[in-house]
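Each residue of the sequence shown is one higher than the last, beginning at 0 in numbering that gives the first Met the number 0. Virtual Cβ for every residue (Gly too), placed ideally from N, Cα, C. Written out below as structure tokens is the structure these notes cover.
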Amino acid sequence: MQKTLKYLPHSVVMMVLATAMPNTGFAKTPLQEVLQYALKQDPRLLEAKAEQDAATQNRKASEALHYPTVAVTSSHMLGQHHRYESDYDRETDAGLRGKLNLYSWGGIEASIDRDKKKERSAYYKFFETRETLGSEIANLYVAAIYYKESLEVAKRNLERHKKFMDNLRVVSTYDTGRLSEFSQAESRYLQAQSSIVDLERSLQTTLSRLNLYFNKRLTVNDLIDPFKDKKAEDFFKTFNEGPKDNVHPSMLAQQAELDSAIADIDVTDATTKPQINLEGLATRYDRNAQVTLSWDLFNRPAHYNTENAKAKVYSAQARLQQIKRDITERYETAKINMLQSQNQANISQRHVTVQTKVANDYAEQFTVSRRTLLEVLDAYADLSRTETTYVNARHEFRTSTLEFLLAQAKIARWAGLPENL
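Here is the structure:
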């Protein structure tokens, strides 16, 4: 083979070697790339955008109440009695009827103001939906990483048990008294296999859900830790504004809902006030214009509508306070969990190094009967638990970081998308 390669051009030799060598490098798909695609194409965002457009049309409809309405009218007489004979000629008549509001006690202006607030709420709801969707997708992504890392831990544990069982077979050929210990080791081996099956199922399920949000099929090799080599302090420096009333879309949307509920009280109250309209009618036989006054002296439903609008104000106020409290709690809890999980990961990482040496020493000492089988298996179990603790701590750090970003509505910004608020 070496003689053959000697006479080949250098470029061809490199091509052959590159083909023969295993491909250990994979093109990763960062979480930011997934979010940048999903947060522009997802149906939930399209729905939120449509709701925003619908709110705009409602506002325009309220503004149009200042314009006159014109209708075509037509009537055909079925029965009639008149004093003069000439009036009997008017069996069928057609024409135009117009109506223009002159004064509505502020009802139209209140409707416009209410719908403007609802339009503003729908605008912020779009960005609230984007942040919530981004959080869901990001949590699926980091969950897939968690199952991937847990699977790696389980496979290492399985490999240790397999290697130990192979050594145990060799030892038992010289010491037949140890054949009974083989069943105990095999039981732990099968337990490790069962864990792998469960983790593989969870990993594939999570990837299947994640792939619904991206334009290509993601595999395990595409995943990369979005917060690798990042510390909690780094995020505290970059994203430490905290949840603000005038920035967070959830708070802004609910505040707009509260304002629209307050304006709705004026709308319902105006229905109990006089309405002054200019009305006109033009047919083949008649022409008239008149100013009309309409005032409901008794309108019980209007009273209940006003009380209903007031109750909605109290509900919106309570909801706003609840949102503020939940977001603040999420923000503070996320900061604590980020620091604690970061410390736990650092400790567990050192613990893994020590426990690996302990497990290897116990396995070697078992071959010379200085350690029992149970001690070796327990050492392997401790090592697996320590590795799992590290994986859990890293997963907790990732999820807490996402909660930290979500509490400030910064997931889209972290992914490289404009905030547009």
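Non-local beta-carbon contacts of R119 in its own chain, meaning distances under 7 Å to residues more than five positions away in sequence, involve A255 in chain order. For V71, the beta-bridge partners assigned by DSSP are L95. Nearest Cα to T291 within the set N100, N210, S74 and R43: N100. Judged by DSSP in its simplified three-state form, E278 adopts strand.
DSSP places T270 outside both helix and strand once states are collapsed to three, so it counts as coil.
Residue F396 holds the alpha-carbon nearest to the alpha-carbon of D233 among F396, V71, N156 and I264.
The Cβ atoms of N304 and T270 lie closer than 9 Å to each other. The stretch 292–300 and the stretch 130–145 do not touch, with fewer than 3 CB-CB distances between them shorter than 8 Å. With a cutoff of 9 Å on beta-carbon distance, N156 and K117 are scored as not near each other. Cβ neighbours of L217 within its own chain (closer than 7 Å, five residues either side excluded): T28, L206, L209 and N210. In the displayed model, S259 falls within a helix according to three-state DSSP. DSSP places Q407 in the coil class of the three-state scheme, outside both helix and strand. Setting aside the 5 residues that flank it on each side, A54 is surrounded in the same chain by K117, E118 and A121, each with a C-beta closer than 6 Å to its C-beta; the list follows chain order. Contact between the stretch 360–370 and the stretch 187–200 is absent: fewer than 3 CB-CB pairs across the two stretches fall below 8 Å. CA-CA distance, E374 to Q190, rounds to 17 Å. Pairing L251 with G133 gives a Cβ-Cβ distance that is not under 9 Å.
Counting of Cβ neighbours within 10 angstroms places P417 among the exposed residues, the total staying below 16. Its chain contains I107, S110, I111, R113 and D114 as the residues whose beta carbon lies nearer than 8 Å to that of S61, once the 5 sequence neighbours on both sides are disregarded; these appear in chain order. Here P225 has P29, L30, Q31, A137, Y140, V141 and R397 as same chain residues with Cβ atoms under 8 Å from its own Cβ, once five neighbours each way along the sequence are excluded.
Of the residues T91, A63 and E127, the one whose Cα lies closest to the Cα of S73 is T91. Counting of Cβ neighbours within 10 angstroms places Y284 among the exposed residues, the total staying below 16.
Closest in C-alpha terms to L277, from the list G97, D325, L77 and A315, comes G97. In the structure shown, the three-state DSSP call for S293 is strand.
With fewer than 16 other beta carbons inside 10 angstroms of its own, R349 counts as exposed.
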